[in-house]
Every structure is written in structure tokens, then in C-alpha cells.
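Reading through the C-alpha cells given below for one structure.
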Amino acid sequence: MTSDTKPVLTGGCQCGAIRFALSAPPVKVSICHCRMCQKASGAPFASFADIERTDFAWTRGTPAAFRSSSIAERDFCADCGTPLSFRRIDGPRIEIMTGAFDRPDRVIPTLQYGSESRLGWVVGIANLPSHTTLENYGSEKVSGIVSHQHPDHD
């Protein structure tokens, strides 16, 4: 990605120490249920946008990395701990966690991997009772919350 290219998508970590930009849309967006992704994300599955490295740049800060296997590393913010990526060592692409995008609604998964480790209850989550944050906490509590999270933009 060149400095004169207008980003297609941007994102970063929770504290704002690490930011990134894409100059082209992701090649694919997927969900991974494998046990390694569950542990790396601290969630029942991880969602990734697969991006050509030539279309990707870290625009602020340098993430820390953990070699999670003999073939891959995972980047994260050393300041706030936000998981950011999965990348095959010496591979042509980087996979950025969709929740790290400023507009995660624009990176929609179209396939799943690691289904042998998919938790049985995941398929029914859309049918669970649902409440907004306001409904959960109430307006008085919500109005008093002060976020220390970086905004979804620079």
C-alpha cells in the first residue's frame, strides 16, 4: 500500500496504539472455529478478512507477535491486548480480525473453517433472546459510562 492511496477500510486496536489500512477489499472473509482460533480470540470462533500484503499497511505502531504454531504468527497490541491478525509465516496474505475494523459491518463472512471444533450452541445464537446495551444497563448507567476505547476513526 502506498502513502498516496486512499484506504478502502481502516481499523485498529482498542487503545489506538496500533492502526491499519487496506487499499483494496479483502480477498475473502471467513469464520474459523478451530481450537487455536478460539483460544487466540478468547471467543467461540474468530472472524478474519484475508488481505493481500501489498494491499495492507500498519499505519500507526507496530504490533507484537506470537508464534502460535510452526506455520503461523498472530499479531496483537502489546498495550491493550487486542488480537489483530493471523498470518502464515512467509505467506502472501495477512488475515485481520473483523472486529478490529472501524466498520466491521463491511467485512461479511462468506465461509467457515475448523467446523470440527464448532461449539454445538453456536448455530442457535441468532435465536437467543436479545437486548440492546441500553435495555441491559438502563439509561442512567449508560449515560455515566466513560469509554477509554479509541474511536472507530483517526
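When the letters of the sequence shown are read in order and numbered with full-length UniProt numbering, they come out as residues 1 to 154. We put the beta carbon where it would ideally sit given N, CA and C, even for glycine.
- Note that the C-beta distance between residue 10 and residue 102 is below 9 Å.
- For the set 62, 43 and 63, the Cα lying nearest the Cα of residue 31 is the one of 43.
- In the DSSP assignment, residue 47 forms a beta bridge with 31.
- For residue 133, the enclosing alpha helix (DSSP H) stretches over residues 133-137.
- When C-alpha distances from residue 114 are compared across 26, 29 and 34, the shortest belongs to 34.
- Where residue 106 is concerned, there is no enclosing beta strand (DSSP E), because DSSP gives it neither an H nor an E.
- Shown here, residue 125 sits in a helix according to DSSP, grouped into three states.
- The beta carbon of residue 52 sits closer than 8 Å to those of 24, 27, 92 and 93, all from its chain and outside the five residues before and after it, given in chain order.
- Taking the Cα positions, residue 90 is about 13 Å away from residue 69.
- Residue pairing by DSSP puts residue 22 in a beta bridge opposite 9 and 56.
- Here residue 130 is exposed: its Cβ has fewer than 16 other Cβ atoms, across all protein chains shown, within 10 Å.
- One Cα belongs to residue 18, the other to residue 61, and the distance between them is close to 5 Å.
- Its chain contains 1, 20, 22 and 94 as the residues whose beta carbon lies nearer than 7 Å to that of residue 56, once the 5 sequence neighbours on both sides are disregarded; these appear in chain order.
- Taking a C-beta distance under 9 Å as the contact criterion, residue 98 and residue 66 do not qualify as a contact pair.
- Measuring C-alpha to C-alpha distances from residue 120 to each of 140, 40 and 45 identifies 45 as the nearest.
- The beta carbon of residue 58 sits closer than 8 Å to the beta carbons of 18, 19 and 20 from its chain, once the five residues preceding and following it are set aside; these are given in chain order.
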